[in-house]
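As you go down the protein sequences, you meet chains A, B, C and D in turn. Residue 67 in our numbering sits at position 61 of the first sequence, with consecutive numbering throughout. Residue 59 in our numbering sits at position 77 of the second sequence, with consecutive numbering throughout. Residue 563 in our numbering sits at position 49 of the third sequence, with consecutive numbering throughout. Residue 791 in our numbering sits at position 470 of the fourth sequence, with consecutive numbering throughout. Note sheet for the following structure.
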Amino acid sequence: MNPTLQLFLIISAALFCIGLLAALSRRHAIFILIGIEMMLAAAGLNFIAFWRFAPQPAPPTGVMVTVFAIAIAAAEAAVGLALVITVYRHYRTTNVDQIDQLKG
Amino acid sequence: MNSVAFVVIAILTLAAALAAASLQKLIHAALCFAAAFVGVAAFYFLLGAEFVGLVQVFVYVGAVAVLIVFTILLTRRDAERERGFHWSGALIALAIFAGLLWAIVRTSGLSVAAPWIAPLTVRQIGEALMTDYVWPLQCLGLVLTAALIGALVLVMEEKG
Amino acid sequence: MAHLITGLIFIPILGALFVSVAPRDYGRAVALGSNLMTVLVALALWRYFDPATAGLQMITRQPWIPNIGAEYFLGIDGLSLLLVLLTSVVFPFALLAQRAGRGFCALMLVMQAALYGTFTAQNFILWFLFYEMSLIPAFLLIKVWGGENRDRAATKFFLYTFLGSVAMLLSFLAIYLVRGTFDFAALAAFGKSGLLPGKLGWLAFAGIFLGLAVKVPLFPFHTWLPDAYEAAPTGAAMVLTGVLSKMGVYGFMRLLLPLFPNEIKIMGPALLALAVCSIVFASLAAWGQSDLKRMVAYLSINHLGYCMLGLFAVTATTAVPPREAQAALSGVFLQIFNHGITAAALFYFVGLLEQRRGLRGLNDFGGLMQRTPLLCGWMSVAMFSSLGLPGLNGFVGEFLIFKGSFALAAGYTAVAVLGLLITAIVFLRAMQALFSGPLDESCRELPDLRLGEKWIVLPVTLLMFGVGISPQFILTIFNSTVTQMVRLLG
Amino acid sequence: MSNWIGAHLWLILAVPLAGSLVILSLTNSRRTAAAALAIVGQVLAFVLSLGAFLPTLQAPGYRVFTNFTWFTFGEQTLRLGFLLDPLTAVMLVMITLVSLCIFVFSVGYMASDKNFTRFFAYLSFFSAAMLGVVLANSLLLLFVCWELVGLASYLLIGFWIKRPSAAAAAKKAFIITRIGDLGFFLGMLWLYGQSGTLLFYDGGNGALESHGLLSLGASATFIALLLFCGAVGKSGQFPLHVWLPDAMEGPTPVSALIHAATMVAAGIFLVARVYPLFSLGAIAGVTPSLTVVVWIGVVTALISALIALAQWDIKRILAYSTVSQLGLMMVSLGVGGVVAGIMHLLAHGFFKALLFLGSGSVIHGCHEEQDIRKMGGLRGRMPVTFLTYAIGMMALSGVPLFFSGAWTKEEILHATLQWPVSRAPHFLMLAGVVLTALYMTRQMIYVFFGHPRGSAEHAHESPPVMTAPLIVLAVCVIAFSVMLTPAWPWLFRYLAGATASFAFSQLIQPGLFIALALVVLGIALGVLIYRRPGELDPMEQSLPALFRFLQHGMWLDELYDRTVLAFARGAARTSDWLDRYFWDGLVRGFGALGSSLGSFTKGFDERAINAGANDAAAAARDLGGLISRRHSGQIQTYLGVVAVGMLALLLLYAWLT
């Protein structure tokens, strides 16, 4: 039996939720970043899966979106990590529980 | 599409991701993160999007993971071992997973097999990038440049 | 000609750019210059607008993102023109009222552009873009230039309106998924026979209602308003109450009424009750205030309650006599304009008092009439206009609203009339505390209106008298729009 | 001429209005110019009124109106208009003449006031608004002018702005009349909705003409009663009369203007104007709405006459007397004696203006003293004032033959006698006549007879600019009585729209003897009781509790303060509180629900996993902390909120499908 679209979606959902778990539960800023990257990857996987299982010939929209998403994720990771380093220098901690200056 | 390959990749990817999310030591988590992303890239290969898979490996495993490791090393005094864990986050994540699973399972018409597909060549992608997607591409270039400069400014500011 | 509206939207944006690069001391001048241009464009719009035609005019229509049904689709009818004119009056007034730096002026201009866009866009995506675009400058204006408690007030303002917007966006996504268009006119055509089926329709209605009710605001979603207006700097408060609050009323007229006629009819009594609660509770709460700015803020809720009363009365009964519906809607339109002018003027005067005295409590003043007769006289005009004295603008609108709503929903109107009484009490109490009695020690040195201030007040006061005595020139703008709306409802 | 004035009725109110606007723009130092402008404007208005009055004499039932479109809304037009008929014409002449006297009087009375020009601007504005009320051919225009009259009276009562009591009285007057006006407003809306027009007369289509009246049906009673609310407020009828005595805080000419000629007459005028609404469907001249009018009038007339007996302030006595007389007029209107009521209104306008100006002269002469206990013996010191005041007093008490009040009172009593419902109003009004004579005698004795007390010792006669209007008004009061005799019922027939002839035999009627007897009884009683004026009132000695009860206006102000006002203030405080804590909390509660689920990220393990069993107080404190922590800027909390939102969306999806 070949894997169906449903299976891919379930895998993607699982990956997303693991990412969410990391982002919500861990206190270290880097874990939050990792979690976000995972969620993005899960979205990318969805796009590719939908493209692959769409009636052919399909335009490569899914593929293109994923490529762009990866590029943006890279940018986001770079800025995020830069922030982590800056914050670390400033507060000497990367534990987000102790950073609550984002008060609104 | 090979179902055996699928199962193997799925197990590896999810296990690596779970490890990345729950391991105590940061550096281990970062390595698992890289592994998970290799798994995702493998999925892309499996789905016939070889180019995306390659990009995934290059960008994530080659760049982002390395960046993360560097960051961990730079902030290691504090980052060695991370104590806190919010269990409620796990609860919410689990609830959402249940919800998504329910939604996926009860949506009809998803149990389709993959149709045959003409291989997507890099040339095709390149042409699309330069024609239909030229504006997004330019914008993305701008975003990347801005992010690069921004990251540099953020990191350098302290020294000045 | 068709591009006049586009010009109207982009002049303030360009103005904002110029303001931010202008030398520090000239920012406000550049902003005022840009406002002069928008006033001219608005006047040109008025000049070329044909009041006899009911539908959209001066349409600009370009495809924008065809995949999701987004279009660059602008046009005006009587309602839009009225609000464009109001915006063009209130913004120069607000900019003149506040001595402000470049950042403030630039944000004000961005907000102005967003408002012009909101009032002329005929496609949901475009409309929503502008609708949200106005939120960010407003947030920043409160947060950065606000008074005491500005952080809390700004966050509250942002959260409330943003949550409302999210609900509205979701509803529109649902509508789009079912109907496949974001075009207001096309959606309105579906409205009669039910835009969405069953539960989904109610959900979409609730979402849009929530978004608009927060914006207006309608009781009990109004609690962000006193805090936000209290904290906002004078110029921003004038714009917030004068124009921004009208976005909600406009939304009710443009979206909720045509898209969900059936739902709104079923909910009619409840909605009327909310409007009456707005009127009565807000005026009572205004009575309970000792801070002038908060008091005026509550009265603003009360006056918008009259708009809502007229609006819901039109939809509340099954068979609407066109005479009454026309009266109510004309009243609502007039009230939109009147409240914009009058409430802005009231905030201006409160700002003047605060600027002179440093405080704005009801008990921080006393016997001002002896020291600053001109300020008191002009301020009384604004207050009497707000409490609906005949001869001033407030009366005409309220009379028409009540005329319509009394025939359509007599019981609710009879309760709502209490609001008129309480408003009078609130204002007379304020006048007694501020103007009469022995001169307060602390007010001994307060200067009267300066020359520049007189010139700022004069046009607005003339407008109040003009509308009060001969409202025809305003009514002509939207008479055919009202007639058409009533015909669609009937 | 008659056509010209009929088409240019607006000029009559435009002249004083323009005068007022010009005066308002003058600086404080241009006193002569201000007074001159106001008086010239008033003279012009008077001349124009006479010009309007003359053509109405031509034929019985004369009526001219000009209607115009105010504005168009939707597809309809809102029309206003001006109207000239006998009712309007006599009111015009009375208002402009009395106002003119008061304007001239004010020149002397206000001579030393700093805000002299402003005062004349307000006076002119008041006069213009009142003329508008009289001239209106549209209930809406009448309402507009009615409200402007209210504004002018607010400004005038609170004219001495430094006095906190004046400001409070002005506020009270405006708000209490506005309570009545709400009824008026609703009645107007109802009438508009039913008949589709607010014009009184419109060539057969007006609201007061057969076409309009037919469309009303049973709602006419309610409309009439709602409109009557306005009249109750404006004309100081029970239970809204409490503002009128307080309004004495204003300068005396204002009291004269408000209490004699204009503002208080507006309510009577309104009822007379829309009388067809009240009498629609009448059986033998009785409708439910008219019955209400009668009883309100009776209660007002008696209560305020009683209260007037126990007042010490010379102006307050007159104020309560006004309230009482207005009640009498209402009774007259209610029992069907519309013409009698209007005639009493006219006569009252003259003699009450005379009395107020006389009291102003007294106050002026006694150096701003208003307490009658500190006066006395002014008869010799202020002879002109005394004589004119006596004429006014006799007119008010209803001394027959030469004083206008007597004839009109006689007409009213005659009308009440014919009311089919009950005889009680008739006898109660007879009692009212005795009371009126009694309190006026009391006032006369305290002020003008006996020995000077207090500041009255240095009293002096007022300057001619103040006494001249007194003399003019006194002459008017006596001359007017000629027009009111039943021997030559010219005015009666004119107002009723019929022709009149002279019949001397009608002069002496049996009712006159009853009235004479009662008046004599009242005056004699007064002389007997108050023959030795002193610090203590005879009634205060014998019935102290009753006296105090009446002195404080039957504690009505206090009653309102403890009940209605206390309730309203409580409601205001409650809604403020609700707003700050309850509604805000309710709406935010939903938000809190979401975000507390989100901020569980922190709270959950601390409470459920680490802490174990804490006591309840600590849990409550933690809960408070949990809510306040929503405001802390933790990224993960926000993420948690987003995640919960997503869950909510999933649930929504589940519910929808």
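Yeah, the Cβ is synthetic: ideal placement off N, Cα and C, and Gly gets one too.
Query	Result
Nearest candidate by alpha-carbon position, reference D/Ile635, set D/Ala605, D/Met715, D/Thr608 and D/Cys687	D/Cys687
Buried/exposed call for B/Met112, threshold 16 Cβ in 10 Å	exposed
Any chain A beta carbon closer than 8 Å to B/Ser90	no
Residue-level contact to chain B via CB, D/Leu971, 8 Å cutoff	yes
Chain C contact for D/Val465 (CB, 8 Å cutoff)	yes
When C/Val763, C/Leu732, C/Ala784 and C/Ala839 are compared against C/Ser792, the one with the closest alpha-carbon	C/Leu732
Below-8 Å beta-carbon distance, D/Gly961 vs any chain A residue	yes
Separation of D/Cys466 from D/Ala603, as counted between CA atoms	30 Å
Residue burial classification, B/Pro97 (beta-carbon count within 10 angstroms, cutoff 16)	exposed
Closest by C-alpha distance to C/Gln571, when choosing among C/Leu593, C/Ile582 and C/Leu550	C/Leu593
Cutoff 6 Å; reference D/Ile326; Cβ partners in own chain excluding five residues on either side	Gly372 and Ala373
Buried versus exposed call for C/Ala842 [16 or more other C-beta atoms within 10 Å across all chains shown]	buried
C-alpha gap between B/Val46 and C/Leu546, whole angstroms	49 Å
Proximal chain B residues relative to A/Asn8, where beta-carbon distance stays under 7 Å	Met(-17), Ser(-15), Ala95 and Ala96
For A/Gly25 and A/Ala48, believed in contact at Cβ under 8 Å, the rounded distance	6 Å
Residue of A/Ala20, A/His96 and A/Glu82 minimising C-alpha distance to A/Asn52	A/Ala20
DSSP-derived helix/strand/coil call for D/Pro597	helix
Outcome for C/Asn852 when other beta-carbon atoms lying within 10 angstroms are tallied against a minimum of 16	buried
Presumed contact (8 Å Cβ cut-off) between D/His669 and D/Ile733, rounded CB distance	At roughly 11 Å, the Cβ-Cβ gap does not stay under 8 Å, so D/His669 and D/Ile733 are not in contact.
Amino acids of chain C, ordered along the chain, whose beta-carbon sits closer than 7 Å to that of D/Ala488	Gln946, Ser950 and Gly951
CB-CB length for C/Val604 against C/Val834, believed under 8 Å	Not quite, the Cβ-Cβ distance comes to about 32 Å (not below 8 Å), so this is no contact.
Selected residue, minimal CA-CA separation from B/Tyr115, among A/Leu30, A/Pro66 and A/Val93	A/Pro66
Test item: CB-CB of C/Ile689 and C/Leu701 under 8 Å	yes
Candidates C/Ala857, C/Asp954, C/Gly583 and C/Tyr926, of which the one nearest C/Met978 by Cα	C/Ala857
D/Thr498, buried or exposed, once every other Cβ within 10 Å from all chains shown has been counted against 16	buried
Sequence-distant residues of the same chain with beta carbon closer than 8 Å to D/Met750, five excluded per side	Val619, Ala622, Leu649, Val652, Ile733, Leu734 and Thr737
Those residues which DSSP pairs with D/Gln397 across a bridge	D/Phe394
Residue-chain proximity (C/Ile991, chain D), Cβ-Cβ < 8 Å	no
Residue ranges of each alpha helix (DSSP H) within the segment 463 to 503 of chain D, 4 or longer	none
D/Val578 versus D/Met761 - alpha carbon distance	At residue 578 of chain D the sequence reads Leu, which differs from the Val that was named. Rounded to whole angstroms, D/Leu578 to D/Met761 spans 20 Å at the Cα level.
Distance between D/Leu534 and C/Leu499 (C-alpha atoms, nearest Å)	No information on residue 499 of chain C is available, as it lies outside the stretch 515 to 1004 that chain C covers here.
Contact under 8 Å by Cβ, D/Gly697 with D/Ala593	no
Every unbroken alpha helix (DSSP H) inside the segment 955 to 1001 of chain C [4 residues or more]	965 to 983
is_contact[A/Ile42, chain B] using C-beta, thresh 8 Å	no
Candidates D/Ser448, D/Val614 and D/Glu570, of which the one nearest D/Leu547 by Cα	D/Val614
Beta-carbon neighbours of D/Tyr513, restricted to chain C and to distances below 7 Å	Lys917
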